[in-house]
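If you read the sequence shown in the working numbering, its first letter stands for residue 1, the second for the next number, and so on.
Beta carbons: idealized from backbone N, C-alpha and C, even for Gly.
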Amino acid sequence: MANLQKQIDALTAYFQADCARPGVLPIALTIEHFITRLDGTPVDYAQLAQVIYSMQGHDEPLREDNVYLGFRCPSYTITILAGCQVTISLAPYSTVLQTMAVYEGCFTRLCNALAANNMYARTVGVHPSRRAELLPLVPQSGYMIMDRYFRNTGNQGGVMLRATASTRVTIRYTSEADFVRKFRVACLITPLLALLTDNVPLYQGESNHNYSIHTHIWNNVDPDRCGIYPNVMDSNFGFESYAAYILQQPLVVARHGARIVGVGRKSAFEVYPSFLGHGDIEQILSMFYYDVCLNHNGIELRTADSLAPRYAASYAQLIKTLFSSHAAQEGILRRYAGANSAQIEAAKVGICCNGYQAQVYGRAAAGEVSWLLAQAKSHAAAPDDRRLLEPLAELAAKKRTPREISGCV
């Protein structure tokens, strides 16, 4: 087990090195988009790749297995995902207003390039016009390896790859203790965030009236890498325990230089030598999709559906405000003291079944959402921050979600 300990040490050092200096902590926002024709017909990879390539200019192209997947520039990265979703991943910014200014500029560029080719970007949580099995995969080996593997781990892997889109926010931590507190808080509020950001008006091509389809899909992909990280409330939870856990779970896909290879149920500990470079570590981290997980930028919250800009801004501000305030985080930990990962999962399922009428840790979900937003408003540092919180606060006051608002897609 000496090699395993060396790998644990390498990941632990990587996480420790990612600690930010105390101060104003930036957030990084990622929004995924479905691309269709104006009549809802899906686009194919070749058509979409041409459009994205036309936007690239002198920026750095992204390729895997010699397949073009997008480009990177200093302020954002555009990537084509498995089912021809397009991701806009923004660099970290210190305010949500800065973040959204960059996003809206990039999104406008994308929409203009798409419109010139009779295509349209949609911000919803599940593909709006087709069943997942009718959507082809991008011809990249990593996606195809995962597609085959997930057929044996759950019944929603193909749907996840081809037909889901999310809004993700990554926050920074300043120490291991700060990481532990923020990670636990993020897990505890995951059911409430799933309700607030529920945005699937159409599911498998038909009108949808159920809450948090996102949770239903991701909970049925692969228990080794999805859902709530199981040991989050353990007394020894921290960098080392997180590293030890993921290093011993099935890796599915590994990289050897420029090659992508399927490794099935072999763990990273079995696949890689004792020395792990940064590229190896980032590949390992990228294969775990917990509702809250560690990535190369910090703690990533993954539970929100893809959202239109005003709701994405409101969600990003909610996360930034709560995770910039030690007092807000301690208040959440006190309110939900004693909750464990199984109870968080139960609360998620309750939201799927009953929405605002669900019970979350023995309390009414509607009241808990209102309480969470009140905490954010009370800790918001500036008038602009409070203003950005309003779109989600208005929905919560009416016990509604983005799914129920016409024109939000």
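A direct Cα-Cα distance of roughly 14 Å separates Val-51 from His-33. DSSP places Met-146 within a helical segment (H, G or I) once states are collapsed to three.
Of the residues assessed, Asn-199 falls on the buried side of the cut-off, its CB having 16 or more other CB atoms within 10 angstroms. Taking the Cα positions, Ala-304 is about 20 Å away from Ala-374. Here Phe-71 carries a strand assignment [DSSP, helix/strand/coil]. With a cutoff of 8 Å on beta-carbon distance, Thr-153 and Asp-222 are scored as near each other. Of all alpha-carbon atoms in Thr-95, Asn-66, Leu-48 and Ala-91, the one lying nearest the alpha-carbon of Ile-80 is that of Leu-48.
Across the structure, Phe-275 and Asp-9 are spaced so that their CA atoms are roughly 10 Å apart. Under the three-state reduction of DSSP, Thr-87 is assigned to strand.
Ranked by Cα distance from Gly-70, the first of Tyr-93, Ala-46 and Pro-92 is Ala-46. Taking a C-beta distance under 8 Å as the contact criterion, Arg-168 and Thr-30 qualify as a contact pair. For Arg-387, the closest alpha carbon among the candidates Asn-354, Ala-328, Gly-362 and Gln-317 is that of Gln-317.
In the three-state reduction of the DSSP assignment, Ser-370 falls in the helix class. Sequence-distant Cβ neighbours of Gly-331 in its own chain, meaning closer than 7 Å and more than five residues away, are Gln-375. For Gly-279, the enclosing alpha helix (DSSP H) covers residues 278 to 286.
Relative to Arg-184, the option among Gln-7, Ala-328, Ile-145 and Pro-136 whose CA is nearest is Ala-328.
Here Lys-398 is exposed: its Cβ has fewer than 16 other Cβ atoms, across all protein chains shown, within 10 Å. Here Ile-284 is not near Val-292, since their CB atoms are 8 Å or more apart. Out of Asp-147, Met-55 and Leu-62, the CA that lies nearest to the CA of Leu-110 is found in Met-55. Spanning the alpha carbons of Leu-247 and Cys-19 requires a straight line of approximately 21 Å.
Boundaries of the alpha helix (DSSP H) harbouring Ile-246: 239 to 247, taken from the DSSP string.
With fewer than 16 neighbouring CB atoms inside 10 Å of its own CB, Gly-105 falls in the exposed class. When the alpha-carbon of Leu-193 is set against those of Tyr-315, Tyr-93, Ala-115 and Ala-258, the nearest one is in Tyr-315. The straight-line gap separating the alpha-carbon atoms of His-278 and Arg-255 is approximately 12 Å. In this structure, Thr-164 lies near His-214, with their beta-carbon atoms less than 8 Å apart.
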